[in-house]
Amino acid sequence: MGESESYPESTRSLDSLRELRLTALLGDLIGQQGKTQAAETLGVSPRTLTRYEESRRLTPTLAGALERHLLEGGGSAAATQRHRQGLLEDGLTELERLLREGLAALRQEGQSAVGEQARELAELARRVSALEAAGNGAAQANAGTLAGSPAPAAAPPVGRPRRVYPDLVTAEAEPGEDLVYGDAATAVIVQWREARDAFGAATDALDVLNARERRLGLEVELIETHELTLPPATRPWDLGDRWQEVKRRNEMLYEVNVDRKMLRLRRFLTLGLWRK
Numbered sequence: 002m003g004e005s006e007s008y009p010e011s012t013r014s015l016d017s018l019r020e021l022r023l024t025a026l027l028g029d030l031i032g033q034q035g036k037t038q039a040a041e042t043l044g045v046s047p048r049t050l051t052r053y054e055e056s057r058r059l060t061p062t063l064a065g066a067l068e069r070h071l072l073e074g075g076g077s078a079a080a081t082q083r084h085r086q087g088l089l090e091d092g093l094t095e096l097e098r099l100l101r102e103g104l105a106a107l108r109q110e111g112q113s114a115v116g117e118q119a120r121e122l123a124e125l126a127r128r129v130s131a132l133e134a135a136g137n138g139a140a141q142a143n144a145g146t147l148a149g150s151p152a153p154a155a156a157p158p159v160g161r162p163r164r165v166y167p168d169l170v171t172a173e174a175e176p177g178e179d180l181v182y183g184d185a186a187t188a189v190i191v192q193w194r195e196a197r198d199a200f201g202a203a204t205d206a207l208d209v210l211n212a213r214e215r216r217l218g219l220e221v222e223l224i225e226t227h228e229l230t231l232p233p234a235t236r237p238w239d240l241g242d243r244w245q246e247v248k249r250r251n252e253m254l255y256e257v258n259v260d261r262k263m264l265r266l267r268r269f270l271t272l273g274l275w276r277k
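With the numbering used here, letter number 72 in the sequence shown gets 73, and the count goes up by one each step, no holes.
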């Protein structure tokens with residue numbers, strides 16, 4: 002059979018499917034609303050529905066009314082979908098409220114205890130620094146007395162950057178900086194600079210959150226593990242300062258995790274249309 006001869010059969014199949022769909026919709030409407038209310042919903046007379054019940058055939062007028070009802074979002078499936086969407090939106094709003102309130106409560110509860118610990122650590126760091134300064138001064142005085150003159154300062158190794166504060170991390174790489182920080186710390190610093198550049202270049206909201214998480218995690222490692230000070234600071238942090246900086250970044254990491262979950266939930270509920 003040629004291709005042109007198959008069209009009439011295909012057309013009849015589509016018409017049959019259309020009629021079945023409209024008939025099912027009409028049956029749902031009459032079953033849910035009754036004949037009178039269903040006729041009002043469709044914009045036809047009750048007599049039109051009576052004729053349908055007698056003949057079980059859709060007139061052009063009734064078929065057109067059912068088509069319009071479908072286009073306007075009618076039908077049990079569409080109504081169920083709208084109801085579910087409303088429930089999801091209400092659930093999202095409630096989830097956002099609970100998350101924000103929970104985060105605020107955690108911060109408030111931790112402020113008093115954290116403040117006291119920070120003061121104790123800062124005082125301890127101050128005493129340690131004072132003892133170290135006193136010990137270094139006494140050692141230099143003894144060395145000068147024994148030799149008859151102050152010992153000359155050791156020349157830095159060839160290629161080592163001259164730094165007033167070796168614990169300060171520079172925003173840009175410098176030749177020989179591995180001699181200042183050590184190989185392990187330098188490797189993390191390189192990753193941190195790359196993460197900082199990636200954060201500045203990100204445009205998609207999810208990419209921004211992921212890049213920020215990466216940068217903050219590396220900053221925690223540099224401060225806590227390698228005891229380094231990050232820009233824009235101009236003087237090294239003491240023990241209390243480092244503790245406060247690590248705490249602040251851990252709080253920001255928690256917020257990033259919450260924001261990312263909320264963003265993914267919004268995108269899931271909006272089929273990816275939410276991009277902020």
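Ideal placement from N, C-alpha and C gives every residue a C-beta, glycine not left out.
Annotation: the continuous alpha helix (DSSP H) that includes residue 201 extends over 184-202. The DSSP-derived three-state label of residue 271 is coil. Rounded to whole angstroms, residue 56 and residue 72 show a C-alpha spacing of 26 Å. Per DSSP, reduced to three states, the secondary structure at residue 24 is helical.
Check the Cα spacing between residue 98 and each of 271, 268, 263 and 196: the tightest is with 263. In the DSSP assignment, residue 230 is bridged to 169. A straight line joining the alpha-carbon of residue 271 with that of residue 211 spans about 21 Å. Under the three-state reduction of DSSP, residue 252 is assigned to helix. Nearest to residue 190 by C-alpha distance, out of 217, 208 and 202, is 217. Taking 9 Å as the cut-off, the Cβ atoms of residue 69 and residue 30 do not count as close.
Distance from the CA atom of residue 47 to the CA atom of residue 37, rounded to whole angstroms, is 6 Å. Note that the C-beta distance between residue 247 and residue 225 is below 9 Å. DSSP, reduced to helix, strand and coil, places residue 174 outside both helices and strands of the structure shown, so it counts as coil.
Comparing alpha carbon positions, the residue from 202, 165 and 230 closest to residue 172 is 230. DSSP, read as helix, strand or coil, puts residue 235 in coil. With a threshold of 16 other beta carbon atoms within 10 Å, residue 220 meets it and is buried. One Cα belongs to residue 53, the other to residue 21, and the distance between them is close to 14 Å. Within its own chain, the residues whose Cβ lies closer than 6 Å to the Cβ of residue 200, once the five positions on either side in sequence are excluded, are 212, 213 and 216, listed in chain order. Non-local C-beta neighbours of residue 186 in its own chain, meaning closer than 6 Å and more than five positions away in sequence, comprise 227, ordered along the chain. Here the C-alpha atom of residue 166 lies approximately 37 Å from the C-alpha atom of residue 259. In this structure, the straight-line span from the alpha carbon of residue 164 to that of residue 198 is close to 24 Å. The beta carbon of residue 162 is closer than 8 Å to those of 175, 176, 177, 178, 180 and 181 in its chain, skipping five residues each way along the sequence. Between the alpha carbons of residue 64 and residue 28 lies a distance of about 13 Å.
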